[in-house]
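Report on the structure given below.
Protein chains: 2
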Amino acid sequence: MHTETGHMILSLLIIFAAGKFMGEVFERLRQPAVIGELLAGVIIGPGVLALVKPGEVAETVATMGVVVLMFAVGLETRPSELFKVGRTATIVATLGVIAPMALGFAAGSVMGFTRPEALFIGTALVATSVGITARVLADRGLITTRTARIVLAAAVIDDVLGMLVLSGVTGSVRGGVDVWHIGLIFLQAAVFLGFEVFIAPKIVNRHAHWLDKLHIPNAPLVVSIIVMLAMAALSEWIGLAGIVGAFFAGMMFAETSDRFELEARVKPLYEWLVPYFFVVTGMKVQPALFAKPAVLLPGLALVTLAVLTKVVGCGLGALGGGVREALAVGVGMVPRGEVGLIVASVGLSMGIVSPTVYAIVVLVVVVTTVIVPPVLPPLFMLAQGDAPVELGRRRSAKAEEAA
Amino acid sequence: MHTETGHMILSLLIIFAAGKFMGEVFERLRQPAVIGELLAGVIIGPGVLALVKPGEVAETVATMGVVVLMFAVGLETRPSELFKVGRTATIVATLGVIAPMALGFAAGSVMGFTRPEALFIGTALVATSVGITARVLADRGLITTRTARIVLAAAVIDDVLGMLVLSGVTGSVRGGVDVWHIGLIFLQAAVFLGFEVFIAPKIVNRHAHWLDKLHIPNAPLVVSIIVMLAMAALSEWIGLAGIVGAFFAGMMFAETSDRFELEARVKPLYEWLVPYFFVVTGMKVQPALFAKPAVLLPGLALVTLAVLTKVVGCGLGALGGGVREALAVGVGMVPRGEVGLIVASVGLSMGIVSPTVYAIVVLVVVVTTVIVPPVLPPLFMLAQGDAPVELGRRRSAKAEEAA
Chain A
486 MHTETGHMIL SLLIIFAAGK FMGEVFERLR QPAVIGELLA GVIIGPGVLA
536 LVKPGEVAET VATMGVVVLM FAVGLETRPS ELFKVGRTAT IVATLGVIAP
586 MALGFAAGSV MGFTRPEALF IGTALVATSV GITARVLADR GLITTRTARI
636 VLAAAVIDDV LGMLVLSGVT GSVRGGVDVW HIGLIFLQAA VFLGFEVFIA
686 PKIVNRHAHW LDKLHIPNAP LVVSIIVMLA MAALSEWIGL AGIVGAFFAG
736 MMFAETSDRF ELEARVKPLY EWLVPYFFVV TGMKVQPALF AKPAVLLPGL
786 ALVTLAVLTK VVGCGLGALG GGVREALAVG VGMVPRGEVG LIVASVGLSM
836 GIVSPTVYAI VVLVVVVTTV IVPPVLPPLF MLAQGDAPVE LGRRRSAKAE
886 EAA
Chain B
486 MHTETGHMIL SLLIIFAAGK FMGEVFERLR QPAVIGELLA GVIIGPGVLA
536 LVKPGEVAET VATMGVVVLM FAVGLETRPS ELFKVGRTAT IVATLGVIAP
586 MALGFAAGSV MGFTRPEALF IGTALVATSV GITARVLADR GLITTRTARI
636 VLAAAVIDDV LGMLVLSGVT GSVRGGVDVW HIGLIFLQAA VFLGFEVFIA
686 PKIVNRHAHW LDKLHIPNAP LVVSIIVMLA MAALSEWIGL AGIVGAFFAG
736 MMFAETSDRF ELEARVKPLY EWLVPYFFVV TGMKVQPALF AKPAVLLPGL
786 ALVTLAVLTK VVGCGLGALG GGVREALAVG VGMVPRGEVG LIVASVGLSM
836 GIVSPTVYAI VVLVVVVTTV IVPPVLPPLF MLAQGDAPVE LGRRRSAKAE
886 EAA
């Protein structure tokens, strides 16, 4: 390839084609396509074939992909449906933060790591990465179930709590916790969430008819994309994950979505862009890194802990809906992601966390991400038997009525 | 913004929101939205407000945009319709290469530039950039007219001829034209074009039913995106513009497009991604650069020459369809783009072209791109009166029959 543009297009091609090919293979094995995409990433990434250079080209499209994913999930989530599970989700999130933090710290100490290192290990185990769960459930048509709503709402609260824990831990390691600063962060996040859940959807519902007055074609899609990017940027600016903002942006349009056919219009964006996120995530896995015993053994121990603390912690919070729902919620909250890596990077850059501990955290992130997709659909199907209200079915019944 | 992801999302937001806002303003002024997008780019770019850093993030999405644009245009172009205008397009392209090359070289020599510099000026004036014309005509529903087909086919041939001229000129400046090398380039391009026009669409028509057997959702869209990226990459690899390959990829699916609803599915990709190309193009304009008399005066003279040589050269080739069609074709071929800049960069990196001449070429590219959109729709509407067959209307009439 002679030109920069040519290289760019070739990277876009290899990532997409490899992801979709492996996705097709896994669909045929009756497994979620997303596992195929992750695996495709490992194979084409620098760890194995090195067909694609990681870098800004890949990261840009991956970011667009995960933002679109969470926007699409938001489109299927009405605020009222989130309220219904609000109390449960808050308990789920809180227990799901305390358990991994406390036990991660304890385990780190027992394994002989320094106190600050053990603190960072605990913190890295806190933040659920909801992308993979959302993707699997959306692909299987299970994202509108009550159980899925609990996971989504809990993941948002989990993100806020995780941010507070990270501020607290970095502060305490640096020598002093700045309570005012943490209070300010919490206030910002609370105002943002409150606005997004209670006010923003009403503004959209009331003023959506303005969209018909715009001269540009396809104005509802265009404006909703602008809102999606704006909320994601705002969310990052506050210190939350961009995907939290994208999810809320989708929710803002959930009630007007049918009228503007937003779901159908977002689907092609989803099909093209979302796989980049998962393939690029896979590209970050370098198998050779995990081969050392100093990484592998404590890593696997912490993986077990990471799984158990969320399954039990979050599960306890969701017991009100029955054991099956509790299990589904717990497992849905298991995957860790970017935030865990960011925590570990912060520790690394502060000189507190050793490269070995960093590699261990990467291992935890990778394994918790890969083991969840296969078991998620059966667990969520089972949970539907227990759940008192099945919103997804109810909603489509409503749509049939209206038709 | 604290994180890299945050910056990335913010850039994506500003480019899109600014482009769509200015697009809306220009639509209300009854002008093509694309002028608004170019202007938005100038305003947010480093030349004026510097809100967005140019770089790989912006370039990635811009490249995706222009590839999607030409793919969408290809979807509306059946190979048979391209054949009908093949002879005319070949003459249009050939005269439209000879005229600017010869007169550009002559003008450069008269202005006192060195012989190699004058050669590079002529070469930079050769290559039509069909993106802007295609966008304006597609937005106005004029892309399926006979006149538009002539421009599209001529632009493809123009791209091949331009590549050959560039090889010849670089060779002659370096000390010797390698006829075998140029012959090989020509052969590669001819085989590629022949395959794309005569064979590839037939392969797709015959085997498209395989797509129904795939397990991944939305398989036709997914596979056509893979083909689009593959053809664009192949095209770049051969030395042609990536958009030529994307256009052919679209054409491969033109006959199966209705069955798979590809046009409707590509539209959301178009709405989101295409504006990035034009806004990012606008970002490359730095008004301060053109303020110097040493750039402005010869620049404006060459702009005049660039317009006249295409209008008259290409127009002469299209006279068979009447004066109005000839004028529409000529004006449609006026915009220059990336290729002109690449030619000038090659000259710059070879130490043959001075920064002043480079700035002049940039000026020619910018002005020819900006002046065409407003006049294009009326000219193409007028040409429809002369044109023997109006394919667009005919085709939609056919669709109505079928319904």
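Heads up: the sequence lines are chains A and B, in that order. The first sequence begins at 486 in the numbering used here and counts up one residue at a time. The second sequence begins at 486 in the numbering used here and counts up one residue at a time. Built from N, CA and C at the ideal position, the CB exists for glycine as well. Keep in mind the model is a prediction, meaning the values are calculated, not measured.
Query, Result
"Would you say glycine 656(B) lies against chain A (beta-carbon separation less than 8 Å)?", "no"
"Below 9 Å on C-beta distance, what does phenylalanine 501(B) contact in chain A?", "Val707, Ile710, Ile711, Leu714"
"Once you ignore the five residues that flank valine 510(B) on each side, which residues in its own chain have a CB closer than 6 Å to its CB?", "Gly521"
"For the alpha helix (DSSP H) containing asparagine 703(A), list its first residue and its last residue.", "Where asparagine 703(A) is concerned, there is no enclosing alpha helix (DSSP H), given that its DSSP letter is neither H nor E."
"Can you tell me which of the three DSSP states proline 873(A) falls into?", "Because proline 873(A) sits at a pLDDT of 43, beneath the cut-off of 50, its placement in the model cannot be relied upon, and the following sentence gives the value as read from the coordinates. DSSP places proline 873(A) in coil when its eight states are reduced to three."
"Going by DSSP in three states, arginine 600(A) sits in which element: helix, strand or coil?", "helix"
"Considering just the uninterrupted stretch of the alpha helix (DSSP H) at arginine 563(A), what are its terminal residues?", "It is not in any alpha helix (DSSP H) - arginine 563(A) carries neither H nor E in the DSSP assignment."
"Would you verify that the beta carbon of valine 759(A) is, or is not, closer than 8 Å to some beta carbon of chain B?", "no"
"Going residue by residue through the region 739–786 of chain A, where are the continuous alpha helix (DSSP H) segments of at least 4 residues, counting only ones entirely within it?", "742–745, 747–768, 772–775"
"For arginine 691(A), which three-state DSSP category applies?", "helix"
"Any beta-carbon of chain B closer than 8 Å to the one on tryptophan 665(A)?", "no"
"With burial defined as no fewer than 16 other Cβ atoms inside 10 Å of the residue's Cβ, what is the status of isoleucine 670(A): buried or exposed?", "buried"
"By alpha-carbon positions, which one of Pro753(A), Ser839(A), Val689(A) ends up nearest to arginine 744(A)?", "Val689(A)"
"For the alpha helix (DSSP H) containing serine 830(A), name the first residue and the last one.", "823–834"
"Starting from alanine 813(B), trace the alpha helix (DSSP H) in both directions and tell me its first and last residue.", "808–817"
"Is there at least one Cβ from chain B nearer than 8 Å to leucine 495(A)'s Cβ?", "yes"
"When we look at the beta-carbon of threonine 629(A) and count the other beta-carbons within 10 Å, is it buried (16 or more) or exposed?", "buried"
"Say whether chain A places a C-beta atom closer than 8 Å to the C-beta of proline 783(B).", "no"
"Going along the chain, which unbroken runs of the beta strand (DSSP E) with 3 or more residues stay wholly within the region 488–549 of chain A?", "none"
"Given a threshold of 16 other Cβ atoms within 10 Å of its Cβ, counted over all protein chains shown, does methionine 507(A) qualify as buried or as exposed?", "buried"
"Grab me the residues of proline 783(B)'s own chain with a C-beta within less than 8 Å of its C-beta, minus the 5 sequence neighbours each way, in chain order.", "Met596, Ile845"
"Which class does threonine 613(A) belong to by DSSP, given the choice of helix, strand or coil?", "strand"
"Rounded to whole angstroms, how far is the Cβ of valine 551(B) from the Cβ of phenylalanine 762(B), which I believe are closer than 8 Å?", "4 Å"
"From proline 840(A) to leucine 514(A), what distance separates their C-alpha atoms?", "37 Å"
"Please confirm if glutamate 681(B) has its CB atom under 8 Å from at least one CB of chain A.", "no"
"Compute the Euclidean distance between the alpha carbons of glutamate 489(B) and glycine 825(A), then round it to the nearest angstrom.", "16 Å"
"Roughly how many angstroms lie between the CA atoms of alanine 731(B) and valine 780(A), to the nearest whole one?", "46 Å"
"Taking C-beta pairs closer than 7 Å, name the residues in chain A that leucine 699(B) reaches, listed in chain order.", "Glu509"
"Would you kindly work out how many angstroms separate the C-alpha atoms of valine 788(A) and leucine 523(A), rounded to a whole number?", "18 Å"
"Would you tell me roughly how many angstroms separate the C-alpha atoms of valine 611(B) and methionine 586(B), rounded to the nearest one?", "6 Å"
"Is the beta carbon of alanine 525(A) less than 8 Å from the beta carbon of valine 577(A)?", "no"
"Just to confirm before moving on: does the CB-CB distance between isoleucine 617(B) and proline 859(B) stay below 8 Å?", "no"
"Is the Cβ-Cβ distance between phenylalanine 733(A) and glycine 559(A) less than 8 Å?", "yes"
"With 8 Å as the threshold, decide whether the Cβ of phenylalanine 490(B) is near any Cβ in chain A.", "Note that residue 490(B) corresponds to threonine in the displayed sequence, not to phenylalanine. So yes, threonine 490(B) belongs to the interface."
"Nearest to leucine 861(B) by alpha carbon, out of Glu566(B), Tyr843(B), Val831(B), Met818(B)?", "Met818(B)"
"Would you mind stating whether alanine 674(B) and isoleucine 723(B) have Cβ atoms separated by less than 8 Å?", "yes"
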